[in-house]
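All remarks here apply to the structure that follows.
2 protein chains.
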Amino acid sequence: MREKPNKTNKVSLSEVAREAGVSKMTASRVLREEGGYSEKTRALVMQKVDELGYLPNRLATVFAGDQSSTFVGVSIPELGNEVFAQVLEGIDRQLSTFGHQSVLGLTQHTLKDEEDWIRTVLSWQPAGLILTGRYHSPRAIEMLKNAGIPIVEIWDYNSSPLDMSVGINHFDSGFDMGRYLIECGYTRIGYVGTSHDAANAASSRLDGFCKAVEGGGGLVQKQLCLHDTATFYPGFYGTEQLLASQSGIECIFYQNDAMAFGGMQYCTAKGMQVPEDIGIAGWGDLPISAVLKRRLTSMHVSHLKLGKIAAQMMISRLSDEPVEPVKDIGFHLIPGSTVRNL
Amino acid sequence: MREKPNKTNKVSLSEVAREAGVSKMTASRVLREEGGYSEKTRALVMQKVDELGYLPNRLATVFAGDQSSTFVGVSIPELGNEVFAQVLEGIDRQLSTFGHQSVLGLTQHTLKDEEDWIRTVLSWQPAGLILTGRYHSPRAIEMLKNAGIPIVEIWDYNSSPLDMSVGINHFDSGFDMGRYLIECGYTRIGYVGTSHDAANAASSRLDGFCKAVEGGGGLVQKQLCLHDTATFYPGFYGTEQLLASQSGIECIFYQNDAMAFGGMQYCTAKGMQVPEDIGIAGWGDLPISAVLKRRLTSMHVSHLKLGKIAAQMMISRLSDEPVEPVKDIGFHLIPGSTVRNL
DNA sequence: AAGCGCTAAGTTACCCGTAACGTAGAGCGT
DNA sequence: ACGCTCTACGTTACGGGTAACTTAGCGCTT
Numbered sequence: 006m007r008e009k010p011n012k013t014n015k016v017s018l019s020e021v022a023r024e025a026g027v028s029k030m031t032a033s034r035v036l037r038e039e040g041g042y043s044e045k046t047r048a049l050v051m052q053k054v055d056e057l058g059y060l061p062n063r064l065a066t067v068f069a070g071d072q073s074s075t076f077v078g079v080s081i082p083e084l085g086n087e088v089f090a091q092v093l094e095g096i097d098r099q100l101s102t103f104g105h106q107s108v109l110g111l112t113q114h115t116l117k118d119e120e121d122w123i124r125t126v127l128s129w130q131p132a133g134l135i136l137t138g139r140y141h142s143p144r145a146i147e148m149l150k151n152a153g154i155p156i157v158e159i160w161d162y163n164s165s166p167l168d169m170s171v172g173i174n175h176f177d178s179g180f181d182m183g184r185y186l187i188e189c190g191y192t193r194i195g196y197v198g199t200s201h202d203a204a205n206a207a208s209s210r211l212d213g214f215c216k217a218v219e220g221g222g223g224l225v226q227k228q229l230c231l232h233d234t235a236t237f238y239p240g241f242y243g244t245e246q247l248l249a250s251q252s253g254i255e256c257i258f259y260q261n262d263a264m265a266f267g268g269m270q271y272c273t274a275k276g277m278q279v280p281e282d283i284g285i286a287g288w289g290d291l292p293i294s295a296v297l298k299r300r301l302t303s304m305h306v307s308h309l310k311l312g313k314i315a316a317q318m319m320i321s322r323l324s325d326e327p328v329e330p331v332k333d334i335g336f337h338l339i340p341g342s343t344v345r346n347l
Numbered sequence: 006m007r008e009k010p011n012k013t014n015k016v017s018l019s020e021v022a023r024e025a026g027v028s029k030m031t032a033s034r035v036l037r038e039e040g041g042y043s044e045k046t047r048a049l050v051m052q053k054v055d056e057l058g059y060l061p062n063r064l065a066t067v068f069a070g071d072q073s074s075t076f077v078g079v080s081i082p083e084l085g086n087e088v089f090a091q092v093l094e095g096i097d098r099q100l101s102t103f104g105h106q107s108v109l110g111l112t113q114h115t116l117k118d119e120e121d122w123i124r125t126v127l128s129w130q131p132a133g134l135i136l137t138g139r140y141h142s143p144r145a146i147e148m149l150k151n152a153g154i155p156i157v158e159i160w161d162y163n164s165s166p167l168d169m170s171v172g173i174n175h176f177d178s179g180f181d182m183g184r185y186l187i188e189c190g191y192t193r194i195g196y197v198g199t200s201h202d203a204a205n206a207a208s209s210r211l212d213g214f215c216k217a218v219e220g221g222g223g224l225v226q227k228q229l230c231l232h233d234t235a236t237f238y239p240g241f242y243g244t245e246q247l248l249a250s251q252s253g254i255e256c257i258f259y260q261n262d263a264m265a266f267g268g269m270q271y272c273t274a275k276g277m278q279v280p281e282d283i284g285i286a287g288w289g290d291l292p293i294s295a296v297l298k299r300r301l302t303s304m305h306v307s308h309l310k311l312g313k314i315a316a317q318m319m320i321s322r323l324s325d326e327p328v329e330p331v332k333d334i335g336f337h338l339i340p341g342s343t344v345r346n347l
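For the protein sequence lines, the chains are A and B, in the order given.
All residue numbers for the first sequence refer to the working numbering, where the first residue is 6 and numbers rise by one.
All residue numbers for the second sequence refer to the working numbering, where the first residue is 6 and numbers rise by one.
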């Protein structure tokens, strides 16, 4: 089925028109059901379309009309993290319902990757962009402003977005978790996470967490696994390192649930009881966490909903409907049973 | 930052050329570093590019050159299933390394959705397509053949693909699991899955599974959760329904690990011991399964690798390098400890 | 001084649709 | 029979780049 790569072998509208014995314009009108043609002509054109297997070239359409495309660029840090996979699913389901397509960019939490991706995706004249995170490089911001297309920043709640934003306040969610652990009576508390840009939602959570814990008379010992992904195994080894370097840790808060699971496995493998000997708290409330006999103490966010709302904001803006530009979808604490209950 | 939507406010190459006092063609040559211009001219053009914030319009390039774009359409059934999220991550990482972008299509396991998505994405002149599954609607196949672009079918091993294919033999993987359970001494075996198209990898697994079990003197009782996703809760309720309608079930094989976790939770909640009272087997070997005290009996597939190889095949074909068109990446059984060990 | 080759440009045509405008012929009223 | 309106088309220009071709000007040879 491979054809010569040099010249297009695609069937064009002109060919359809020629075969049908009409002008390009008439064929175009028929295909767009614009009216201004007889039933006989319509049937003839459609017959040739079928016979030749004509597929419209949307590139040319966009090009002709000075329109933008139906693409929406979507940047997501990673998909190994279930949370972001769900956000993307929510976005794409909603976008595709309205005839848009997601152009994916995995930006790995780095502003440089994001900038490069933005440059590339903008060159395809997307209808809009959905970006994870509120921080962007200066050049990226410049390009985004010049692009003149709708932009939704998701994940971090952002009261002064470039254009629109939907997310949660990560600082607050960290703060609430910190306060909860203090209320549970913990004071010597560990944190295990990965080390990325400071311009990162997880960093905000940690900041909020530390503020609450230290404000409550506690102490946070941090263990950051450098250059690693926020998954199960780093949680395991990060916990090992934390407990080896620090004694007296009563409870550990993890960057996310996957890491918390890893940490919990380390603790139980070492004969520690959760929560009797050590408390474990995650973030994100993965659906799978309900499997465990003990429900993981965590923070719940509706990831799918987050994605859907982001896409809906995009679609509304593209349809020139009024849009509330900033939305906080909130979170709630799952007490679980992996921390000691007062 | 919203601008008038009617006329493009984008900076075009002509504007850059005019500002720089050269022709479009010269500016084009400078930007493509094609040579044939003086250093003075180059510097002048680049300065204006910077000043005006010019971003090339790749749509026009593709259009002009009868080339295909750098887009690669990627159809994935769903992202809620971690397995597919990982496949997509593998694909996109590899594609983006070589300057390509993924255009996502969530086709929800239905051929109709896939067909519609193929039609749309082909109209954007993609460089190639990566499709999950070996079954496509007749019209989809027709379009794919006419498109004249590289196509990689993934997930199902497929010895006579449309173009290229990488995956595993799902029938065999089901068969191996069936034989293993028979070897473990089970004969009254349940299956819990969802009901989709028969044209589905999970169906092949079930077929292979039944063949092995029935060939080994066992009996398979199926419980298909209609119109539901293959996740945790359907696994839970499917198990409830199966055990209510059938007695004497000794072991249950699930469509995937997530459903198996749901089933296991149901069983333990009802006071059954795993594997003493009932055996549980999943498929896919989710990383998270290592969290459980008992490793889930499952079937391991390297999802990330699958995606990477698919993308690599695409890239090689696009670079006119020779490509082995069919690849089986295999699987291996994780005995685990959720089935009775002989 | 004519001829040649080279560099650094410019010019033209084209890709595939669509907007805007032009027109032939039918139908109709007077 | 004339003008008018309306339908059903056709014609032209255009969008942002690029391939292919052309050209101006310079240095060098003979």
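Yeah, the Cβ is synthetic: ideal placement off N, Cα and C, and Gly gets one too.
Every value quoted in this text rests on a predicted model; they were computed, and no experiment measured them.
Could you work out which residues of chain B lie near residue i, taking near to mean beta carbons separated by less than 9 Å?
| i | result |
| --- | --- |
| A/MET148 | GLY58 and LEU60 |
| A/VAL108 | PHE76, GLN106, SER107, VAL108 and LEU109 |
Alpha carbon to alpha carbon, how far is residue i from residue j?
| i | j | result |
| --- | --- | --- |
| A/PHE336 | B/PRO280 | 37 Å |
| B/GLY95 | B/SER128 | 25 Å |
| B/THR199 | A/LEU248 | 43 Å |
| B/PRO10 | B/VAL54 | Its pLDDT being 34, under 50, B/PRO10 is placed unreliably in this model, and the value from its coordinates should be taken loosely. If I take the Cα positions, the gap works out to 23 Å. |
| A/VAL88 | A/PRO82 | 10 Å |
| A/THR115 | A/GLN317 | 26 Å |
| B/GLU326 | B/MET304 | 33 Å |
| A/ASN62 | B/SER324 | 24 Å |
| B/ARG7 | A/GLY26 | The predicted position of B/ARG7 is uncertain, since its pLDDT is 35 and thus under 50; a value taken from the coordinates is nonetheless stated next. About 44 Å. |
| B/LEU291 | A/ASP118 | 28 Å |
| A/PRO143 | A/VAL171 | 21 Å |
| B/LEU167 | B/ASP181 | 27 Å |
| A/LEU284 | B/CYS256 | Leu is not the amino acid found at residue 284 of chain A; the sequence shown has Gly there. About 35 Å. |
| B/ARG23 | A/ALA152 | 21 Å |
| B/ILE293 | A/ASN86 | 11 Å |
| A/VAL21 | B/ASP97 | 36 Å |
| A/PHE241 | A/ALA265 | 8 Å |
| A/SER101 | A/ILE194 | 45 Å |
Along chain A, in chain order, which residues have C-beta atoms closer than 8 Å to that of residue i?
| i | result |
| --- | --- |
| B/GLN176 | This sequence places Phe at residue 176 of chain B; Gln is not what is there. The premise fails here: B/PHE176 is roughly 26 Å from chain A at the closest Cβ pair, so nothing lies under 8 Å. |
| B/GLY126 | Per the sequence presented here, residue 126 of chain B reads as Val, with Gly not at that position. The answer, in chain order, is GLN106. |
Which partner residues does residue i have in the DSSP bridge list?
| i | result |
| --- | --- |
| A/PHE336 | Note: A/PHE336 sits in no beta bridge, so no partner. |
| B/PHE266 | The partner list for B/PHE266 (beta bridge, DSSP) is empty, contrary to what the question assumes. |
| A/THR199 | A/CYS230 |
| A/TRP160 | A/GLY172 |
| B/ARG193 | B/LEU224 |
| A/PHE258 | A/TYR196 and A/ALA286 |
| B/SER252 | Paired residue(s): none; B/SER252 is not in a bridge. |
| B/VAL108 | A/VAL108 and B/GLY78 |
| A/ILE146 | None; A/ILE146 has no bridge partner. |
| B/HIS305 | B/GLY289 and B/HIS337 |
| A/LEU136 | A/SER80 and A/GLU158 |
Write down the C-beta distance between residue i and residue j rounded to the nearest angstrom, noting that I regard them as a contact closer than 8 Å.
| i | j | result |
| --- | --- | --- |
| B/MET319 | B/VAL157 | 5 Å |
| B/VAL218 | B/ILE187 | 6 Å |
| A/VAL344 | A/ALA274 | Their Cβ separation, rounded to whole angstroms, is 19 Å, which puts A/VAL344 and A/ALA274 out of contact at 8 Å. |
| B/ASP161 | B/SER208 | With a Cβ gap of about 10 Å, B/ASP161 and B/SER208 do not count as contacting. |
| A/PRO340 | A/THR302 | 6 Å |
| A/VAL67 | A/VAL50 | Actually they do not touch by this definition, with Cβ atoms about 22 Å apart. |
| B/GLY267 | B/TYR238 | 6 Å |
| A/GLY243 | A/ARG184 | With 8 Å as the limit, A/GLY243 and A/ARG184 do not qualify as a contact, their Cβ atoms being about 23 Å apart. |
| A/ILE123 | A/ILE159 | That pair is no contact at about 15 Å. |
With a threshold of 7 Å (Cβ to nearest heavy atom), would residue i be considered close to the ligand ZN?
| i | result |
| --- | --- |
| A/ILE154 | Of the ligands one can find in the structure shown there are none, so the ligand ZN has no counterpart to examine. |
Interface residues of chain B around residue i at Cβ under 7 Å?
| i | result |
| --- | --- |
| A/TRP129 | ARG63 and LEU64 |
| A/ASP349 | Summary: the structure shown does not reach residue 349 of chain A, with chain A confined to residues 6 through 347, and so no result is reported for it. |
So which residues of chain B does residue i contact, with C-beta pairs closer than 8 Å?
| i | result |
| --- | --- |
| A/SER101 | GLY110, LEU111 and TRP122 |
| A/VAL67 | LEU64 |
So with CB distances below 7 Å, who are the chain A contacts of residue i?
| i | result |
| --- | --- |
| B/THR115 | Correct list: empty, because the minimum Cβ distance to chain A is about 13 Å. |
| B/ASP333 | Within chain A, no residue comes near B/ASP333; the closest Cβ sits about 22 Å away, beyond 7 Å. |
| B/VAL218 | Going along chain A, no residue has its Cβ under 7 Å from B/VAL218, so there is no contact; the nearest lies around 26 Å. |
Going along chain A, which residues have a C-beta under 9 Å from residue i?
| i | result |
| --- | --- |
| B/GLY349 | In this structure chain B extends from 6 to 347, so residue 349 of chain B is not present and cannot be described. |
With contact counted as at least three CB pairs below 8 Å, one residue from each stretch, are the stretch 38 to 45 of chain A and the stretch 64 to 80 of chain A in contact? no
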